[in-house]
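In the numbering used here, the protein residues as written are 1029 to 1343.
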């Protein structure tokens, strides 16, 4: 089976960095691509959300929030017990794995669309919901029993008004309020060009991920194992959660991919403020150097098979 072009763009970036090519995307272009992707995902989810009454979605919202609280509580004792990491580092990594990666979600969504697999189109709502709870749990774990206070105002501003949350929630709101007819003139830009823009962004992500390999060597074998095993375990939990809350196999697969992912945007910024004693290299090496490539190349097809096996098809 041939690899998706999006994955191949990512691998091109990885190999270019490993071979010490001078390939670089301009910083302004990287920023522009990330803004586009976040807005496009939010807009698409908002358009679909406008077609559904909110009331029936509330049980699913509750289940997704519980999932976001559970994942860091599972990760932390493993990182402390088996990894023997200091409390701040274990809590920080747990927060990263409790939060989510928007790019992993985008690639997983593209995977389903290319194969004609139906899924709930309002899934971007769950990306927003899963961004914050894991970070908050990680911070509380780190501060439990420790001296010093938390600058809650600065932390809330960093987490809730960070670029990813503002663009995702803003896109959701615009799509929800406008509806499909009002957004039709923008559909070619935000919807039809989505995969081409994602491919360019994945080229840059390959360059960035390969740049974390040196830090991973310093972190040791445990984080390499954790970064590949934890996503598989969390994906199963996410898929089973999707089944419990009534998602389709495609929706459950996307929830599994979100649970398997790790944040490398919102979580590092929040932990820098709340837990400055944690070593950010460990968290980013695991999240971006191991888990992100694993999910993009191997994990997403695996999570699709798991969801197809355990979630009954929608009637």
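We put the beta carbon where it would ideally sit given N, CA and C, even for glycine.
Asked: Do you know whose CA, among 1223, 1061, 1106, lies nearest residue 1257's CA?; Found: 1106
Asked: Of the choices 1088, 1056, 1191, whose alpha-carbon is the least far from that of residue 1070?; Found: 1191
Asked: What are the complete alpha helix (DSSP H) segments, minimum 4 residues, inside the region 1135-1187?; Found: 1152-1159, 1161-1171
Asked: On a Cα-Cα basis, can you pick out the residue from 1081, 1331, 1239 that is closest to residue 1287?; Found: 1331
Asked: Would a C-beta distance cut-off of 8 Å place residue 1272 and residue 1041 closer than the cut-off?; Found: no
Asked: Where does residue 1029 fall in DSSP's three states?; Found: A caution first: residue 1029 carries a pLDDT of 49, below 50, which makes its placement in the model unreliable, though a value can still be read off. In this structure, residue 1029 counts as coil in the three-state DSSP scheme.
Asked: Is residue 1303 near residue 1170, with beta carbons less than 8 Å apart?; Found: yes
Asked: Determine the closest residue to residue 1054 out of 1181, 1228, 1278, with distance taken between C-alpha atoms.; Found: 1228
Asked: Checking 8 Å against the spacing of the C-beta atoms, do residue 1162 and residue 1270 come in under that value?; Found: no
Asked: Evaluate the contact criterion for the region 1069-1086 versus the region 1144-1162: three or more CB pairs, one atom per stretch, below 8 Å.; Found: yes
Asked: Could you round the C-beta distance between residue 1134 and residue 1065 to whole angstroms and report it? I think they count as a contact, below 8 Å.; Found: 6 Å
Asked: Run through the region 1102-1127 for me and flag every whole alpha helix (DSSP H) of 4 or more residues, listed as ranges in chain order.; Found: 1115-1126
Asked: Whole angstroms are fine: how far does the CA of residue 1193 sit from the CA of residue 1295?; Found: 12 Å
Asked: Helix, strand or coil: how does DSSP classify residue 1079 here?; Found: coil
Asked: Check the C-beta distance from residue 1165 over to residue 1123 and give it rounded, since I have them as a contact under 8 Å.; Found: 7 Å
Asked: With 8 Å set as the bound, which would you pick, yes or no: does the beta-carbon of residue 1287 sit closer than that to a beta-carbon of chain D?; Found: Included in the structure is just one protein chain, with no chain D present.
Asked: Specify the secondary structure class of residue 1263 as computed by DSSP and reduced to three states.; Found: helix
Asked: What's the C-alpha gap between residue 1043 and residue 1252?; Found: 19 Å
Asked: Where do the ends of the alpha helix (DSSP H) carrying residue 1316 lie?; Found: Segment: none, residue 1316 is in no alpha helix (DSSP H) and carries neither H nor E.
Asked: If you check the beta carbons only, do residue 1237 and residue 1327 fall under 8 Å apart?; Found: no
Asked: Using the C-alpha atoms, what's the distance from residue 1263 back to residue 1052?; Found: 32 Å
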